[in-house]
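Here's the structure, in structure tokens; my notes come after.
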Amino acid sequence: MVAVDVGTGSARAGVFSGNGQIHAHASHAIALERRGDHIEQDSEDIWSAVCHAVREAVSASGVASETIEAIAFDATCSLVLRDKADKPLTLSEKGNWDIIVWMDQRATKEAEDCNKTGSQVLDYVGGAISPQMEIPKLTWLKRHRPDLWARLGAAYDLADFLSWRASGSNARSVCTLTCKWTYLSHSERPWDEAFFKAIDMADLRSRTSLPDRATPVGKRVGTLTPNAARELGLSEKCVVAAGLIDAHAGALGTLARELEGETSSRMALIAGTSNCHMVLSRNPRTVPGVWGPYKGVIGGAWWLHEGGQTATGALLDFIVQTNAQAAQLKAPHDEIGTEIVRRISAGDALDDRMHVIPDFLGNRSPYADPDATGAMLGLRIEDPVDHMVKLYWASAVSIAYGTRQIIDRLNTHGYAIDTIALSGGHAASELLRHLYADVTGCKLVLAEAPEPVLLGTAMTAAVAGDLFPTLEAAASGMAQSERTLSADPRQHALHNKRYGTFENWYRPATPAIDGRTAVATVPVGTI
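Given below as structure tokens:
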């Protein structure tokens, strides 16, 4: 089977066997257009990248293309716009930028208006809809681009667009619709039409071609169309699965062993450009500032909560890109990270007076404040190289502190998280691995599988291809071995003290999800 993962910067494909072993994988870069808060992509560019990656992975695997039985897609929760002729509905005058990328913040006002409705849908997104979700973005389109709204023929979450492009089916995944479109998967009436009317979006479902019911993850939605089969280099007999959001694929790949149990104390942390924190429960719980509870989005009987940090790897990229010293390094993240680990091992405390508030693209969790901003505190004139190392360290620490805030919020609302299953780009960083363990005090679990996100998506393909009857069975049959990392007690104690200061910088201001918002203040005497 083939699994495809479309992230922010690339499309990746892997060829898997039924026991979860990966034979080969390949990637292909995708373009991104940024204009202030407007961040866009091109669906045709992404599909082309997917086709390149699939062909390269299958070729490298040595597996005959006609023996590939199923394909599944995961992707970022970006919004794809198509016109009534199924062509890209571009948002810009130049290029085919027909995707509003997941991190795009243009719909902040529209999200505020959604949150003023008091609708029941708010109870299933942690109390507040984010501008990164699809309903605010579509509301923005109707208000600000009525010309495009009039021409709109369909709108898709990116994973659903890919399954449509592959199969021609308009089926939408229960994962995408529940997590990003206010679909109430647990309800007999999953679409809240009163909510749509309250935000002047009564025509949303007809304009976007949304079906009455979502399709379970891993359910067969069709087979490859002749054109898609030719472009992907696969057989027309290849089955297409209902896919899922990329972070949820990572959760499925790393929480696989949890799906057959009754309780879960393990949190999946999918950490790359952003961080997503996934935790499962047999019963629905309300956790302010944390998205969910979502029913059945990666396993039919489980409810899922999803915390998040919008800019984590993106924050570290920003630190590197705006630092003259870092610009001189060939591999700045690796080289700076290695130097920090060396200093810590040698007993260097670095600089306790330097702190970073990491909300450079708002605070997704636990304060649900899209207007929050970041801050750098305790800066001094010093040796430029030393300053670069300390600032990178303080930024990395702040990311781990943000994750601890989310765990604290979950644990005060019924969870008992003591283990983090880490996947994504951060799992390759020795610095970040140790920080997540040392800051939270949790046991860190690392998958031995080289591509856990692709593995999760392969599990959905395996179900669609009838290799397993359910996602739970596929997860059990395809799960790979793991290794663990424990917190350093000394470092954990040091971070406990520092974390208290970090927490004090989140003060009550304008009402947010729980009366607090991510606005940094500096207590006298802390710097």
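Its first residue numbered 1, the sequence shown is counted upward by one per residue in the UniProt record's numbering. C-beta: ideal position from N, C-alpha, C; glycine also.
Compare the C-alpha of residue i against each of the options and name the closest.
{"i": "I99", "options": "Q328, T470, D408 and I30", "result": "I30"}
{"i": "T108", "options": "S92, K94, P88 and E134", "result": "E134"}
{"i": "G477", "options": "T484, V63 and P469", "result": "P469"}
{"i": "R342", "options": "L431, K84 and G18", "result": "L431"}
{"i": "L79", "options": "L152, A26 and G456", "result": "L152"}
{"i": "V377", "options": "L177, E451, E44 and T501", "result": "Strictly speaking, residue 377 in this sequence is Leu, with Val absent from that position. With distances taken between Cα atoms, L377 lies closest to T501."}
{"i": "I407", "options": "L269, S429 and E339", "result": "L269"}
{"i": "A447", "options": "C175, G441 and L455", "result": "L455"}
{"i": "I319", "options": "G337, K84 and D369", "result": "G337"}
{"i": "F360", "options": "R282, V125 and G313", "result": "G313"}
{"i": "S357", "options": "I340, A396, E382 and D334", "result": "Sequence inspection shows Ile at residue 357; the Ser mentioned does not correspond to that position. Checked all of I340, A396, E382 and D334; the closest Cα to I357 is A396."}
{"i": "E44", "options": "G62, F161 and H186", "result": "F161"}
{"i": "A64", "options": "T215, D348 and V15", "result": "V15"}
Please report the distance separating the alpha-carbon of residue i from that of residue j.
{"i": "I39", "j": "L81", "result": "14 Å"}
{"i": "V287", "j": "Y436", "result": "22 Å"}
{"i": "D5", "j": "R380", "result": "42 Å"}
{"i": "A427", "j": "P146", "result": "44 Å"}
{"i": "E503", "j": "S398", "result": "11 Å"}
{"i": "P452", "j": "P131", "result": "28 Å"}
{"i": "L232", "j": "C179", "result": "29 Å"}
{"i": "D200", "j": "N115", "result": "14 Å"}
{"i": "N96", "j": "D466", "result": "37 Å"}
{"i": "S17", "j": "I68", "result": "10 Å"}
{"i": "S61", "j": "S173", "result": "29 Å"}
{"i": "P284", "j": "I71", "result": "32 Å"}
{"i": "D371", "j": "W505", "result": "16 Å"}
{"i": "H23", "j": "P450", "result": "11 Å"}
Leaving aside the five residues before and after residue i along the sequence, list all residues of the same chain whose C-beta is less than 7 Å from its C-beta, in chain order.
{"i": "L141", "result": "L148 and W149"}
{"i": "G168", "result": "G222 and T225"}
{"i": "Q325", "result": "P384, V385 and M388"}
Taking only heavy atoms of the ligand COA into account, decide whether any of them is closer than 7 Å to the Cβ of residue i.
{"i": "H186", "result": "Absence of the ligand COA is noted for the structure shown, with no ligands found whatsoever."}
What are the start and end residues of the alpha helix (DSSP H) that includes residue i?
{"i": "C51", "result": "S43 to S61"}
{"i": "A301", "result": "Counting along the chain, A301 falls outside any alpha helix (DSSP H), and DSSP gives it neither H nor E."}
{"i": "E134", "result": "E134 to H144"}
{"i": "V385", "result": "P384 to N411"}
{"i": "D74", "result": "Premise fails: D74 lies in the beta strand (DSSP E), A70 to A75, not in any alpha helix (DSSP H)."}
{"i": "T457", "result": "P452 to A464"}
{"i": "L232", "result": "P226 to L232"}
{"i": "A251", "result": "D246 to T254"}
{"i": "L431", "result": "E430 to T440"}
{"i": "R490", "result": "P489 to N504"}
{"i": "H333", "result": "P332 to S345"}
I'd like to know whether the C-beta of residue i is nearer than 8 Å to at least one C-beta of chain C.
{"i": "V50", "result": "No chain C is present in this structure, which holds just one protein chain."}
Which two residues bound the contiguous beta strand (DSSP E) that contains residue i?
{"i": "T223", "result": "R220 to T223"}
{"i": "L152", "result": "L152 to D157"}
{"i": "N275", "result": "N275 to S281"}
{"i": "G292", "result": "W291 to K295"}
{"i": "H28", "result": "I22 to A29"}
{"i": "V287", "result": "Looking at the DSSP string, V287 is not in any beta strand (DSSP E), and its letter there is neither H nor E."}
{"i": "T484", "result": "E482 to L485"}
Closer than 6 Å by C-beta to residue i: which residues in its own chain qualify, once you throw out the five before and the five after it? Chain order, please.
{"i": "P190", "result": "Y183 and L184"}
{"i": "D259", "result": "For clarity, residue 259 is Leu in the given sequence; the question names Asp instead. Answer for L259: G299, E472 and A475, listed in chain order."}
{"i": "M354", "result": "G378, K390 and A394"}
{"i": "G272", "result": "G313, G424 and G425"}
{"i": "Q105", "result": "D37 and P131"}
{"i": "H28", "result": "A11, A49, H52 and A53"}
{"i": "V121", "result": "T182, D192 and F195"}
{"i": "A202", "result": "F196"}
List the whole-angstrom C-beta distance separating residue i from residue j, where the pair is believed to meet the contact cut-off of C-beta under 8 Å.
{"i": "A3", "j": "A13", "result": "7 Å"}
{"i": "D246", "j": "G20", "result": "That belief does not hold up - the Cβ atoms of D246 and G20 are roughly 18 Å apart, past 8 Å."}
{"i": "A159", "j": "G243", "result": "4 Å"}
{"i": "A479", "j": "R257", "result": "6 Å"}
Here's a check: name, in chain order, each residue in its chain whose Cβ is nearer than 8 Å to the Cβ of residue i, leaving out the five neighbours to either side.
{"i": "Q491", "result": "I344, H434 and D438"}
{"i": "D123", "result": "T286"}
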